[in-house]
Structure formats: C-alpha cells, structure tokens
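Positions in the sequence shown are counted from 1; adding 13 to them yields the working numbering. For each residue, glycine too, the CB sits at the ideal point set by N, CA and C.
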Amino acid sequence: MTVLVASDLDRTLIYSAAALGLDMPDAEAPRLLCVEVYQGKPLSYLTEAAAGLVAELGRTAVFVPTTTRTPEQYRRVHLPGPPPRFAICANGGHLLVDGESDPEWHAAVRGALADSCAPLEEVRAHLTATADPAWLLKERVAEDLFAYLVVERKLLPDEYVKELTVWAEPRGWTVSLQGRKIYAVPKPLTKSAAVAEVKRRAGADEVLTAGDSFLDADLLEAADHAWRPGHGELATAGWTAPHVTAVEEQGVAAGEAIARALSEHASLHWAKARREVIRAVSRGRD
Ligand SMILES: [Mg+2]
C-alpha cells in the first residue's frame, strides 16, 4: 500500500517574499527556510516547521512536486528530505524520473496536444497583439508548450484576464493569473494526467494533492483527498469539491498547514499499511 502525494509548489508549499503574507508582529514571525536562489538572491521560502513536514513526506509517501515551472525553473528548488524520485514540470508536459525528463512521456503529451486545441502560435500572436507595454514586463514561451506574460500587477486592467479567458476558452486553452504571471495553457496539458502516470508507475493506491490556482483544479479533482490554501485563484473563486479541504490560513502559514495535513494523512496511511503487513505475516505463521 503506497500513498502518492502530488503537491503544487509556488504559493502552495513555497512562497516568494511578496507572497509570504506575514501579517503578525515581526517578533512573532516564523523562522523561514530558503529553498530557492535565483540570480544569486534568495527567492522562495517555507517555514521551518513546514520544512520538517515536507522532509517527513519524503519518507512516508511517494512525494511528487507537481508544478507549472519548467524543468530548469524546478531544478532551482531544493526541498528538504530525500530527492524526489518523480517530479512533474511544465504543467504535466515533463515527467522527471530521478531528475531527468522521460522522453516517451513528453512525446506522448506533445502528440495529444497537436490535434486537440488551438496551436501555441495562435495564442502567442493574440497575447502579443493585446498585451499593453504599459504593464507588460516580459512575454515567455515555456518548453514550446504554453505561454505566459510577466506583468506589473498594479497597472494591469481588471478586465484583461477576463477577456483573455473568454477568448481562450473556445480555443481549448486555460488562463490563470498567479502573482505577476498570466499563464495561457492548453486544456489537455494537465498535472492530473501526469499524476495518473506516476500513480501507475509507483503502484500507489491512494492519491493526496494540494494546489492554489486554476491550473491545479484538475489535480485536486483527481485526488482521494486534497487541500487548497485560503488564498489564490481557487479560494477567490470559492472553488470546492466534496473531498477538498480549504485551509483557513493564507500565505506561508497556509503552506505549513497543507504540509501538516499531507504529512498526517500520509503517516496514517503508512501506519495502516504496516499493520496490515504485520497481520499478513502473523497469519502466515499460524
Ligand atoms: Mg501555485
């Protein structure tokens, strides 16, 4: 009996300084562990308590970091605990096995995308034509799979993301606003499809997941139990499902609450599996 824990990273388990949401007096703020350095500067954090819980997850479960980050962006993140055997990057476009992208998985994903949604070029052309240099900082393509804009949030008009969503929907693309990034991702490119593949390979019988954004909705739906933080697109939209727990905390405190919930569930599952093995062994002796 194996439990698989597939968790989103950014704003679910790890947080940039801008996303920490530390609203307590400074003297009461939790100690933080930096798990990502970018261009020589600290970038992403979790609380020290969350770090211990994530390390524990690596021992009691098949822990699978499940992110929209490209493999290159993912490799900057050094979570506590044993290096994960599997990781899902590019929103499911890459399945990393012992740190290396599985070429067969990647080819299968590309094949599935080719004839099920509008091509990336069409979406890029639309983004280029509609994004205003007044608030656009960068336009990027990730792994030739999807596109995102880095924007100045204070200057971004409210209606832009709504209009882009309406345009993208009939073309089979999802739009997600996360911090300074607006993602446009093909609907068939999902984290849940890659999780199903890891579940098969790992022989897992229970799946726990966590995530904060619209790009995580399918990941949460596909789980036996799932958690989402009190902040983010899903929280703002009031998104829920019967097996999904919305934690009340926001910011890095939500990350800790989610790590605790995942760790407790994985430990229970692990203890139950151990009892069954012991029972089976003793039955064998009788
Ligand atoms: Mg996220």
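| Item | Value |
| --- | --- |
| How about Ala-206 and Val-220: are their beta carbons less than 8 Å apart? | no |
| Cβ-heavy atom distance between Asp-231 and ligand 1 below 7 Å? | no |
| Run the proximity test for Gly-224: is its beta-carbon closer than 7 Å to any non-hydrogen atom belonging to ligand 1? | yes |
| So, does the segment 275 to 285 touch the segment 66 to 77, judging by three or more C-beta pairs under 8 Å? | yes |
| Please list, in chain order, all residues of the same chain as His-119 whose beta carbon is under 7 Å from its beta carbon, the five residues on each side excluded. | Gly-106, His-107 |
| CB of Arg-82 to nearest heavy atom of ligand 1: below 7 Å? | no |
| Taking only the alpha-carbon atoms, compute the straight-line gap between Arg-292 and Ala-68 and give it to the nearest angstrom. | 28 Å |
| Apply the 10 Å Cβ neighbour rule to Pro-242 and answer buried if 16 or more other Cβ atoms are within range, or exposed otherwise. | buried |
| Would you decide whether Arg-82 is buried or exposed? Buried here means 16 or more other CB atoms lie within 10 Å of its CB. | buried |
| Given this structure, state the Cα-to-Cα distance separating Pro-55 from Pro-116, to the nearest angstrom. | 32 Å |
| How would you label His-91, buried or exposed, when you count the other beta carbons within 10 angstroms and need 16 or more for buried? | exposed |
| Is the segment 126 to 140 touching the segment 189 to 199 in the sense that three or more CB pairs, one from each, lie closer than 8 Å? | yes |
| Give me the DSSP bridge partner(s) of Phe-76. | Val-18 |
| Quick check on DSSP: helix, strand or coil for His-139? | helix |
| Excluding five sequence neighbours on each side, which residues of the same chain lie with their C-beta closer than 8 Å to the C-beta of Ala-239? | Leu-221, Thr-222, Ala-223, Gly-224, Leu-232, Leu-233, Ala-254, His-256, Val-257, Thr-258 |
| Hey, would you say the C-beta of Gln-191 is under 7 Å away from at least one heavy atom of ligand 1? | yes |
| Based on the DSSP secondary-structure assignment, which residues constitute the bridge partners of Tyr-161? | Arg-153, Tyr-196 |
| Between the alpha carbons of Val-48 and Ser-57, how many angstroms are there, rounded? | 6 Å |
| Taking 8 Å as the cut-off, decide whether the C-beta atoms of Glu-289 and Met-14 are in contact. | yes |
| For Glu-135, tell me which candidate among Ile-27, Pro-183, Glu-165, Arg-24 has the shortest Cα-Cα distance. | Pro-183 |
| Give the single residue among Ala-181, Ala-40, Ala-286 whose Cα lies nearest to the Cα of Ala-131. | Ala-181 |
| Nearer than 7 Å: is that true of the beta carbon of Thr-25 relative to any heavy atom of ligand 1? | yes |
| Where do the N-terminal and C-terminal ends of the beta strand (DSSP E) with Val-90 fall, by residue? | Segment: none, Val-90 is in no beta strand (DSSP E) and carries neither H nor E. |
| Val-260 lies in the beta strand (DSSP E); which residues open and close that run? | That residue, Val-260, is in no beta strand (DSSP E); it is neither H nor E in DSSP. |
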